[in-house]
Amino acid sequence: MNQPEIKQITLPPLNITIHADQKVSLEWLHQQPLPVNNQPPLPKLSDHWQQWIAVNKLLEFPDHVLVEKMVEQGIDVKLALEAVNQATNHPYLQAGKQFVQLLQKVESMLTIQSQLASLSEASPSIDRKPWVSRSEFLESYYSRNTPLILTDILTNWRALELWTPEYLKQNYGQAMVEIQAGREADPDYEINLQRHQKTVRFADYIDWVVSGKQTNDYYMVANNRNLDRPEFKGLLNDLEIFTEYLDPTQTSGCIFFWYGPAGTVTPLHHDPVNLLLAQVSGRKLIRMIPPYQVPFLYNHIGVFSEVDLENPDYRKYPLFQKVRPIEFILEPGEVIFIPVGWWHHVRSLEPSISVSMTNFVFPNTYEWKYPQVKR
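If you use numbering that gives the first Met the number 0, the sequence shown closes out at 374, no skipped numbers anywhere.
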């Protein structure tokens, strides 16, 4: 008697067996891996490099330049080519290009304003007047975003005579004040303002200021808000609020006390509001830059420029060579109107006291969008 026939059919990846009793069994064949190239797969590019590619693509650098730079830094040429090609066609980058084009239009308009201003043979300057009426101040300066130096409006300020180190020490020396300290060890001391807050006895701080040492290491600045402290309210009685321009009922959080040694520096920045800066004692060297030059100022964070105005690195910041600062010395008894958005850099030439005020009778609140660009 013949044995029942067993049939086998191979259909990769299965081996099918049909038994005599018509039962079927299935068996997976042992698969061999598909042949691959001898080269390993390309590694993934880091987020840092992907961001670098995106930024430089938006800046319209040619692809071959990006690849060359990446290869110089040790990145495999195939990986560099693949990453640049992927970025070029990525929908995120295409969307970003639209916003860059809008930004470029704004920058081109500002640059044209700067080019036109540079045609003048006269050096840029700021008007100096004894005083102006409210209407003239509003029409000619405040509404036109134009600075002004006022030379004779502090004549009734008792502070000009009273605020000597001895007077401040005798009347307010025991009060505790907030200052900025340890600034010289931090190139970003203004950005990192909170890290440098320190509370000291006012008399001790006065001794530091009058010691004769030029330093930028400690400074009592507007953000320390010392005139809002109850123990210092008496200092406000030594001032006269200019009712032509300022609202005497709005002083809290609007009048600020600056006191420091020779050598203090407020780096290049702009304020988010209009302000008057009154010089009570000492002299300050002030450099101001109009808002339309912002495309050349490397405004990377908030209201600050990345450039050290006193020692600019033109290789790192080549556009800054186009900047034309207006430079002047603010003398005791003078007031400078600094319009909103005007960039300024301030160095104290002597131990100095200043008072800044923002409580104008005109609207002085603005909506800003600030950059936060990582360096």
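Glycine residues also receive a C-beta, built at the ideal position from the N, C-alpha and C atoms.
Where W367 falls: helix, strand or coil (DSSP): coil
Specify the secondary structure class of A184 as computed by DSSP and reduced to three states. Coil, per DSSP.
Check whether the Cβ atoms of I205 and L226 lie closer than 8 Å to each other. no
Cα separation between P146 and I125? 6 Å
Could you say if the stretch 326-340 and the stretch 267-279 meet the contact criterion of at least three C-beta pairs nearer than 8 Å? yes
Have a look at F361, W207, P164 and flag the residue whose alpha-carbon is nearest the alpha-carbon of E243. F361
Three-state secondary structure (DSSP) of S261: A quick correction: the sequence has Ala, not Ser, at residue 261. Three-state DSSP puts A261 in coil, outside helix and strand.
Contact defined as beta carbons within less than 8 Å: I believe Q193 pairs with N358. What is the distance between those atoms, to the nearest angstrom? Not a contact, Cβ separation roughly 25 Å.
Output needed for I52: all residues of its chain with C-beta closer than 7 Å, excluding positions within five of it in sequence on either side, in chain order. Within the same chain, Cβ atoms closer than 7 Å to the Cβ of I52 are found at L65, A82, V83, A86, the five residues on either side in sequence being excluded.
Let's test the definition: count the other Cβ atoms within 10 Å of the Cβ of P260 and tell me whether it reaches 16, buried, or not, exposed. Residue burial is scored here from C-beta neighbours: P260 has at least 16 other C-beta atoms within 10 angstroms and is therefore classed as buried.
Once DSSP output is grouped into helix, strand and coil, what is the label at E326? strand
For the pair the stretch 101-115 and the stretch 286-295, tell me if three or more CB-CB distances fall below 8 Å. yes
Distance CB(P350)-CB(G301) smaller than 8 Å: no
Assigned exposure category for V322 - 16 Cβ within 10 Å defines buried: buried
Go ahead and pull the three-state DSSP assignment for L238. coil
According to DSSP, R200 sits in a beta bridge with which residue or residues? Looking at the DSSP assignment, R200 forms a beta bridge with M175.
Is it buried or exposed for T263, if we count other Cβ within 10 angstroms and need 16 for buried? buried
Please go through the stretch 78-163 and give each complete alpha helix (DSSP H) segment of 4 or more residues, from N-terminal end onward. For the stretch 78-163, the continuous alpha helix (DSSP H) assignments of 4+ residues that do not extend past its boundaries occur at 90-116, 133-136, 158-161, in sequence order.
How many angstroms separate the CA atom of D75 from the CA atom of N191? 39 Å
With a cut-off of 8 Å, do at least 3 Cβ pairs link the stretch 123-137 to the stretch 301-312? no
Exposure label - P317; buried when at least 16 CB within 10 Å: The residue in question, P317, is exposed, as its Cβ has fewer than 16 Cβ neighbours within 10 Å.
Pick helix, strand or coil for Y244, following the three-state DSSP scheme. coil
Which one of F60, G233, T265, A202 has the shortest CA to CA distance from V220? T265
The beta strand (DSSP E) with E51 in it runs from where to where? Going by the sequence as given, residue 51 is Trp instead of Glu. No beta strand (DSSP E) holds W51; the alpha helix (DSSP H) holding it covers 46-57.
Give me the Cα-Cα distance between K212 and L348, rounded to the nearest whole angstrom. 12 Å
Quick one: using the 10 Å Cβ neighbour count with 16 as the cut-off for buried, is M175 buried or exposed? exposed
May I ask you to report which of helix, strand or coil DSSP gives H63? Correct three-state label for H63: helix.
Rounded to whole angstroms, what is the Cα-Cα separation between W367 and N215? Rounded to whole angstroms, W367 and N215 show a C-alpha spacing of 29 Å.
So, for L109: in the same chain, excluding its five sequence neighbours on each side, which residues have a beta-carbon less than 7 Å away from its beta-carbon? Y291, V293, P294
Cα-Cα, which of Q371, V345, P247, N298 is closest to M356? P247
With a 10 Å radius around its C-beta and 16 neighbouring C-beta atoms as the bar for buried, classify Q72 as buried or exposed. Q72 is exposed by the Cβ-count criterion.
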